[in-house]
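First up is the structure itself, then whatever we jot down about it.
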Amino acid sequence: MGQIHKKDIAFIADRSDEDMFETPLEALLFYLNSDAYPPAYLLEWLKQTFGFYFMKGGDVELERIFGKIKPKAGNFAAQVQSQHPVRDFSWKYDAELQCAASDGIKPLTQKEFFKKWKIEFHEQTGTKVAKDVESFLRAYRKFKKT
17 MGQIHKKDIA FIADRSDEDM FETPLEALLF YLNSDAYPPA YLLEWLKQTF GFYFMKGGDV
77 ELERIFGKIK PKAGNFAAQV QSQHPVRDFS WKYDAELQCA ASDGIKPLTQ KEFFKKWKIE
137 FHEQTGTKVA KDVESFLRAY RKFKKT
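Under the numbering used here, the first residue of the sequence shown carries the number 17, and numbering increases by one thereafter.
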């Protein structure tokens, strides 16, 4: 398959969400999954991305367009799915911390919040999260460092 060069696609230079998401696709999915309208620059990115993909007529894989291919990590969908519970926990725990700070109360600890979040996450997604709190929180802390 063909190589992609920066000159082929107009990359987004001024992304306000870079500290939260590695790629514009992850940002777009976050807004859509949150039932929020994505910023215009993400819609423009999506239009340009698919325009480039169709212009290449099959010479480029979507995986190469949507982000860097990570060896032994699976395709983009597999990578996102494996990080979904940790990312969801991170967003919701950050919100817990912010709400507690604004209300002037002590926030739940990570372990306390995990117990509550795990039940809600399973009810919302049907996905079961590992029972081992420590392993999950290690993955969460690793995620926060990246």
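The beta carbon of each residue, even a glycine, is placed where N, CA and C say it ideally should be.
Checklist entry - By the 10 Å Cβ neighbour count, where 16 or more other Cβ atoms means buried, how is Trp-133 classified, buried or exposed? => result buried
Checklist entry - Can you tell me where the alpha helix (DSSP H) with Val-149 in it begins and where it stops? => result 149-161
Next on the checklist: To the nearest angstrom, how far is the alpha carbon of Phe-27 from that of Pro-40?
Outcome noted: Reliability of the predicted coordinates at Phe-27 is poor, the pLDDT of 49 falling under 50, and the value obtained from them is presented with this limitation in mind. About 9 Å.
Item to check | DSSP three-state assignment for Phe-129, whether helix, strand or coil | outcome: helix
Next on the checklist: Helix, strand or coil, according to DSSP, for Phe-46 in the structure here?
Outcome noted: helix
Checklist entry - Got a sec, what are the start and stop residues for the alpha helix (DSSP H) Met-71 sits in? => result 56-71
Checklist entry - Over what stretch of residues does the alpha helix (DSSP H) that includes Ile-81 continue unbroken? => result 78-82
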